[in-house]
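Heads up, the sequence shown is in the working numbering, so the first residue is -10 and it goes up one at a time.
Heads up, the beta-carbon is just placed ideally off N, CA and C, and yes, glycines get one too.
Accompanying notes for the structure given below.
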Amino acid sequence: MSHPHLDTVKRYLLELQDNLCQALAAEDADGVFREDAWERADGGGGRSRVIENGAVFEKGGVNFSHVHGATLPPSASAARPELAGRSFHAVGVSWVLHPRNPHVPTSHGNVRFFIAEKPDEEPVWWFGGGYDLTPFYPVHDDVLHWHRVARDACRPFGDDVYPRFKRWCDAYFYLKHRDETRGVGGLFFDDLNEWDFETCFGFQRAVGDSFLEAYLPIVRRRRDDAYSERERAFQLYRRGRYVEFNLVWDRGTLFGLQSGGRTESILMSMPPVVEWHYGWTPEPGSAEETLYRDYLRPRDWLDEEEDAS
């Protein structure tokens, strides 16, 4: 059976991976993306591209994957019984960037498409994705820029889209065991099929295509900032929160591992160097305390800006 929708989405995702890698490599004079093409014994494959030890990006990855199978694993259909017994295709691009300079935020994004089919029944499909920003030493104007780009990407699809998916991002990237957000949020959406296919696909493209506009200006502003050993140590400590979220809460990580995905590619999102310290707390009045007090909680950044103007 042909998959015209699947083929269309897959072409876009492969182009997106190329565009992201080209633009990110151009920002890092010392870094190149190494490609690792792979196949999955149970169906599908992908191409993983990783940059390591660059001048700007200490580690980063931009992965494309296309996983398919004759039936969904029980863990994937437990909450959606109508999917039981269906064949499936899951295709997507995910990326994560761990900069070397503590003043450049870590960032993550992904866009994906899922379709499940059964003879003589309509296919079940949806889109998902988004992007979020994890600063260690946040700058307010950078956070506003990030959210403005996210809002503008959503605006053609309705005035309620950015606020709704921004709130979803705040709720999703929340470390319940720490009672704090992972960063300053962005966009998150899943199970998106509320519009027709072309509109949903258009929204996925708007999100994927807006990432570089949101992130690269921040990288350029902060990558040459001087930093101390203390700030580097704090960056490594906060990277631990990134690891905790991905291993404990992230749905994509869990689905990938449970569905027999390629472990090396799934875990490429992990930072290269991380530290944990027992009972650490920020010093009163420090920049680190500012992060905890003002940024690691949901805030309506753009509404606050309008109220202040």
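Ordered along the chain, which non-local residues of its own chain (more than five positions away) have a Cβ less than 6 Å from that of A160?
-> Cβ within range, chain order: n/a, list empty.
Go ahead and pull the three-state DSSP assignment for G241.
-> In this structure, G241 counts as helix in the three-state DSSP scheme.
Within-8 Å CB hit, F154 to chain B = As a matter of chain content, chain B is missing from the structure shown, which is built from one protein chain.
Under 8 Å by Cβ, that's how I've got R36 and C10 pegged, so tell me the actual separation to the nearest angstrom.
-> So it is not a contact: roughly 10 Å between Cβ atoms.
Could you give the DSSP three-state label for M(-10): helix, strand or coil?
-> Confidence in M(-10) is poor, its pLDDT being 33 and thus under 50, which makes the residue's placement unreliable; the coordinate value appears in the next sentence. For M(-10), the secondary structure class from DSSP, reduced to helix, strand or coil, is coil.
Figure out for me which residue from F177, A59, V45 has the closest Cα to the Cα of D31.
-> Distance check between D31 and each of F177, A59, V45 places A59 closest, using alpha-carbon atoms only.
Count the other CB atoms, across all protein chains shown, that sit within 10 Å of the CB of G50; report buried if there are 16 or more and exposed otherwise.
-> Under this definition G50 is a buried residue.
If we ignore side chains and look at the alpha-carbon of each, how far apart do L305 and E28 end up?
-> Only positions -10 to 298 of the chain appear in the structure, and residue 305 is not among them; the question remains open.
Run the CB neighbour count on A297, radius 10 Å, all protein chains shown included, and call it buried at 16 or more, exposed below.
-> Exposed: under 16 other Cβ atoms inside 10 Å.
In terms of residues, what are the limits of the beta strand (DSSP E) holding E24?
-> That run of the beta strand (DSSP E) goes 23 to 28.
Between the region 117 to 130 and the region 160 to 173, do three or more beta carbon pairs fall short of 8 Å?
-> The region 117 to 130, when compared against the region 160 to 173, does touch it at the 8 Å Cβ threshold.
Who are the near neighbours of L285 in its chain, counting only those whose CB is closer than 6 Å to its CB and skipping five residues on each side?
-> Beyond the five residues adjoining it in sequence on each side, L285 comes within less than 6 Å, by CB distance, of E169, T170 in the same chain, given in chain order.
Of the residues N90, H97, G81, which one's Cα is nearest the Cα of F103?
-> Of the candidates N90, H97, G81, the one whose C-alpha sits nearest the C-alpha of F103 is G81.
Have a look at L3 and P112 and give me their C-alpha separation to the nearest angstrom.
-> Cα to Cα, L3 sits roughly 23 Å from P112.
Roughly how many angstroms lie between the CA atoms of S258 and L236, to the nearest whole one?
-> Cα to Cα, the separation comes out at about 11 Å.
When the Cα of R240 is compared with those of A105, F177, N90, which residue comes out closest?
-> Ranking A105, F177, N90 by Cα distance to R240 puts F177 first.
To the nearest angstrom, report how far apart N42 and R89 are at their CA atoms.
-> Annotation: N42 to R89 spans about 8 Å, alpha carbon to alpha carbon.
Residue burial classification, E301 (beta-carbon count within 10 angstroms, cutoff 16) = The displayed coordinates of the chain run from -10 to 298. Any statement about residue 301 would go beyond what the structure contains.
Use the C-beta contact count for V208: other C-beta atoms within 10 angstroms, 16 or more gives buried, fewer gives exposed.
-> Residue environment: V208 is assigned as buried (16 or more neighbouring CB atoms within 10 Å of its CB, all protein chains considered).
Distance, Cα to Cα, A203 vs T252?
-> A203 and T252: Cα-Cα distance of roughly 29 Å.
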